[in-house]
Structures are given as structure tokens and as C-alpha cells.
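Okay, so here's the structure we're looking at.
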Amino acid sequence: MSSRYVVLLTLLLGVGVSAVEVQRPRGVPLSKLQFYEEGKPFTCLDGSRTIPFDRVNDDYCDCSDGSDEPGTAACPNGSFHCTNAGFRPVFIPSSRINDGICDCCDTTDEYNSGAVCQNTCRDLGRKERESLLKLAEIAKEGFLLKQQLIQEAKRGLEEKRAKAADLQVNKKDLEEKVEALRTVKEAAEQPEKQAKERHLKAWEGKLRWKKYHKLLFVQGIALLIAYSNTLFYYVTNLEKEISFDFGPSSEFAYLYSQCYELTTSEYIYRLCPFNRVSQKPKYGGSETNLGTWGKWAGPEDNIYSMMKYEHGTGCWQGPNRSTTVKLTCGKETVVTSTSEPSRCEYVMEFICPAICQEPPNLVSEEHEHEEL
Ligand SMILES: [Ca+2]
Ligand SMILES: [Ca+2]
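Letter by letter, the sequence shown follows residues -19 to -1, 1 to 353 in mature numbering (1 follows the signal peptide of the UniProt record, and there is no 0).
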């Protein structure tokens, strides 16, 4: 069938192809048009043989790769190209040509089956553009939020680093003092024991306490030791926090020490980023650990797109529970779904602005008639 006929048929059927239709054999994409020269012998695209041009689309399979029948169902391995002007071009297996089911949104696969197909390409294209624009809008707002998060994280972490460095100095100093006092305290608690250390002798010598003085002194030291333990704990936590990988610009730092919940019909899931994931039955029952913070686990080119939480509560006769958290861009920070695609391995979808990338300019990306 000549390409001229295809165009004529299309016009007669009134499917309204408004784009400039390049004449070509049915089912051939523009990118392969050069191999189908009207009137010249055709060489199968795999090079296996050369045939006269009138055997292209003659409904008889001549090429082993199916390339002589791009527009009929004659070859079992052929593929048909729908131009789908207004939407996305697509290849379908040639067995779907004239099978009575509308596969191409431009209706071109059903040219001889009697099936009544509506051209839905423009509608689909419009919907796709609308949803892309919407996504771009979200990405844009998310990306702006991310810039704020980066600024805040920078300030926060700088403060914390300075504080940690400061406390580190105090900690050393305090450690020494506490150590000395501990010895004094122990000695004071055992007055009958002969003091052996020099500084202890000095203390004992200077202060001839009565019993209750001694008691007060011991309690005071105990308090001081408790205080310094709290301080050590605080410093250790602070150091732990600033040692986390919060992303290239610390954009994920705001998630630290936060928790996000998702309630399903049965469970309450809880994600505490950089800490742990858990699951608790909605109507009472104990919590199950679905994994503690392991690492960033996205693909090499986007490593911050996934988090891995490992070594959760063991499954009966199975592995320890673990959770993969998939991050997608959005204005809010929220867990949107959880699932258990394979036993004891959970997947959590998590939206947060920190993962947003600078959105591309969509206006320059309109490609209604792009060909594959
Ligand atoms: Ca043929
Ligand atoms: Ca079809």
C-alpha cells in the first residue's frame, strides 16, 4: 500500500492529523525512513536479503527480522510505529495491527479491522503536559524550600560544631577533675583507711571534717560526677549528630531527631530518619523494629534517593527485618505509603523537599512531534 494512500485514508476517515505528515510506508518511523526508498530495492534492516520495493508491506513476510512488513501483521517479530502526533510516538508488536483493539492513540494500527477508534492523542498529550507542569511546580516550590533547609542546616551545624569543640575542651578538663574527686570521694567514704595518695593527704589535712560535713562533701561530689556524665552524654550525642552524612549541602539535617508516622488500617508506621523505623499494631500490641539507620542506598548517580534501615527484629525462621525508604520530591515532609514486597523487607515512600532537584524549564521542552 502506498504511503500516499495512507495519508489519503487518514484524511478520509477524518482523524484530523494536523501535523505535517511525512509520506512514508505505513508503520515506519522517521528515523528509519532512509532505508525505505520508494521504487528502489529494499534491503532487510538485518542485511539478510534485498527485495523489490513492492514487497514492502505486501502482507507477506520476506525479511527474517520482519523489517519488510512494518505496517502489517505478516511477520511474527515485526514492530509497528505509531506516530501519535500530539502525544508520544510508540512501537507496538505488529501482531496488534488490525486486531480490533485500539493500541495507538492516533488510531493508525486499526486501519482495516472495522474497529472504531477515537484519536485520543491530543487529550493524552494535554493531560501529560498538565501533570508535568504540576510536577514541575511542586519541584520548583520544593527546591526553594530546600534552599532554606540548606541555609538553616549550615547555621545549625556550624553552631553545633563550635559547641562540640568548646565542650570537648571542657570535657577533658572536667574529666581530670572528676577523676581526682572520685578518688577523694572514695577515700572520704572510707575514713578508717589510710590515705595513700599525696593529694588526698592534703585534702584530709586541710579539712578536719565532722561526719556530716564529710557526708555533704561526698554527696556534692556524687552530684558533680552525675553532672559531668550528663555533659559527656550530651557531647557524645552532639558529635554523633554532626558526623552524619546529611547530604551534599546538609539538606537532610532537619530530619534528624524528627519522626514521621503513617497510619494504615492495621498499623502505625514510624520513621525516625537517621535513627529507626518501627511498626506498631493500631489496636494495642508491642512495637516491632523494622530496622535501624544503616546508610544511603540509592543508585550511584542519585545515592540520596534511598535510605536503608537494617538489623530490625528477626523474622520467625527468617532474616532480620529491614526497610528501604524511597525519597521523592515534594513540598511537605510526609510518609505516603509502606509495603512489604518480599518477606520482612519493607519499602516506605517518603516525600521531602530536601531531595528536590532544580526543575528544568519545561517551556523549551515541548516536543509534540518528536520521533523515536
Ligand atoms: Ca513482504
Ligand atoms: Ca490493535
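A virtual CB, placed ideally from N, CA and C, is assigned to each residue, including glycine. Since this is a predicted model, take the numbers as computed values, not measurements.
### Query
So the beta strand (DSSP E) Tyr290 belongs to, where does it begin and stop?
Start and end: 287 to 291.
### Message
Measuring only the C-alpha atoms, how far is Ser60 from Arg257?
### Response
Pairing Ser60 with Arg257, the inter-Cα distance amounts to about 49 Å.
### Message
Measuring alpha carbon to alpha carbon, tell me which residue in Glu222, Lys261, Gly123, Val150 is nearest Glu313.
### Response
Taking each of Glu222, Lys261, Gly123, Val150 in turn and checking the Cα distance to Glu313, the smallest one comes out for Gly123.
### Query
Whose C-alpha, out of Ser303, Lys135, Asp49, Pro254, is nearest the C-alpha of residue 357?
Any property of residue 357 remains undetermined from this structure, which presents the chain solely from -19 to 353.
### Query
If you draw a straight line from the C-alpha of Glu268 to the C-alpha of Tyr235, how long is it?
Cα-Cα distance, rounded: 25 Å.
### Query
Who are the near neighbours of Lys86 in its chain, counting only those whose CB is closer than 6 Å to its CB and skipping five residues on each side?
First, the amino acid is wrong: residue 86 is Cys here, not Lys. Result list for Cys86: Asn65, Phe68, Thr101, Cys102, Leu105, in chain order.
### Task
Name the residue from Pro254, Asp43, Glu157, Asp84 whose alpha carbon lies nearest to the alpha carbon of Glu239.
For clarity, residue 239 is Gln in the given sequence; the question names Glu instead. Closest by alpha carbon: Pro254.
### Query
Using a threshold of 7 Å, is the CB atom of Asp40 nearer than that to any non-hydrogen atom of ligand 2?
Checking the Cβ of Asp40 against ligand 2 gives no.
### Task
Within its chain, find whatever has a CB closer than 6 Å to the CB of Ser76; leave out the 5 residues flanking it on each side and keep chain order.
Scanning its chain for C-beta atoms nearer than 6 Å, with the 5 sequence neighbours on each side dropped, one finds around Ser76 the residues Ala54, in chain order.
### Query
In three-state DSSP terms, what is Ser323?
Three-state DSSP puts Ser323 in a strand.
### Task
Rounded to whole angstroms, what's the CA-CA distance from Glu247 to Tyr327? Just pull it up for me.
One C-alpha to the other measures close to 15 Å.
### Query
Would the C-beta of Asp43 count as close to ligand 1, meaning under 7 Å from any of its heavy atoms?
Relative to ligand 1, the beta carbon of Asp43 is positioned inside 7 Å of a heavy atom.
### Message
Does any residue of chain C have a CB that is nearer than 8 Å to the CB of Glu313?
### Response
In the structure shown, chain C does not exist; there is a single protein chain.
### Task
Pick out whichever of Val306, Ser48, Gln129 has its Cα sitting closest to the Cα of Ser276.
Note that residue 276 is Lys in the sequence shown here, rather than Ser. Answer by Cα proximity: Val306.
### Query
For Phe61, which three-state DSSP category applies?
In the structure shown, Phe61 sits in a strand (DSSP, three-state: E or B).
### Message
Taking the alpha carbon of Cys337 as the reference point, which residue from Ser286, Gly299, Trp297, Thr304 has its own alpha carbon closest?
### Response
For Cys337, the closest alpha carbon among the candidates Ser286, Gly299, Trp297, Thr304 is that of Ser286.
### Task
Could you tell me if Arg302 is buried or exposed, where buried requires 16 or more neighbouring beta carbons within 10 angstroms of its beta carbon?
Classification of Arg302: buried, given that the 10 Å Cβ count is 16 or more.
### Query
Going straight from the alpha carbon of Leu271 to that of Glu291, what length do you get?
When rounded, the distance between both Cα atoms is 7 Å.
### Message
Bridge partners for Leu252 per DSSP, in chain order?
### Response
According to DSSP, Leu252 bridges with Tyr241, Val258.
#### Entry: Reference Arg316; option with closest CA among Thr211, Gln298, Ile332
Rather than Arg, the amino acid found at residue 316 in this sequence is Val. Distance from the Cα of Val316 is smallest, within the candidate group Thr211, Gln298, Ile332, for Ile332.
### Task
Mind reading off the beta-carbon distance from residue 420 to Asp80? Whole number of angstroms is fine, and I expect it under 8 Å.
No information on residue 420 is available, as it lies outside the stretch -19 to 353 that the chain covers here.
### Residues of its chain near Lys21, where Cβ-Cβ distance is below 8 Å and the 5 sequence neighbours each way are ignored
Around Lys21: Phe34.
### Task
Name all residues in chain order for which at least one heavy atom of ligand 2 lies closer than 5 Å to the residue's CB.
Selection output, chain order preserved: Arg77, Asp80, Ile82, Asp84, Asp90.
### Query
Which of helix, strand or coil does DSSP assign to Pro334?
Pro334 sits in a helix when the DSSP states are folded into three classes.
### Query
Say the cut is 7 Å; is the CB of Ala55 nearer than that to a heavy atom of ligand 1?
Checking the Cβ of Ala55 against ligand 1 gives yes.
### Message
Tell me the DSSP secondary structure of Thr211 in three-state form.
### Response
Correct three-state label for Thr211: helix.
### Message
So, under 8 Å CB-CB, Ile223 and Leu138 are touching, yes? Tell me the CB distance rounded to an integer number of Å.
### Response
For a cut-off of 8 Å, the C-beta gap from Ile223 to Leu138 is around 6 Å, short enough to register as a contact.
### Message
Is the beta carbon of Cys63 closer than 8 Å to that of Ala89?
### Response
Going by the sequence as given, residue 89 is Thr instead of Ala. Against a cut-off of 8 Å, the Cβ pair of Cys63 and Thr89 comes out as a contact.
### CB of Leu212 within 8 Å of CB of Leu155, strictly
Yes. Within cutoff.
### Query
Does the Cβ of Glu50 lie closer than 7 Å to at least one heavy atom of ligand 1?
Relative to ligand 1, the beta carbon of Glu50 is positioned inside 7 Å of a heavy atom.
### Message
Tell me whether Arg36, by its Cβ, gets closer than 7 Å to a heavy atom of ligand 1.
### Response
Correct: Arg36 has its Cβ closer than 7 Å to ligand 1.
### Query
From which residue to which residue does the beta strand (DSSP E) around residue 357 run?
Residue 357 lies beyond the stretch modelled for the chain, which goes from -19 to 353, so this question has no answer here.
### Query
Helix, strand or coil: how does DSSP classify Val216 here?
Reduced to three states, the DSSP call for Val216 is helix.
### Those residues which DSSP pairs with Asn79 across a bridge
Paired residues: none, contrary to the question.
### Message
Do Asp43 and Arg36 have their beta-carbon atoms positioned less than 8 Å apart in this structure?
### Response
Their beta carbons are under 8 Å apart, which means Arg36 touches Asp43 by this criterion.
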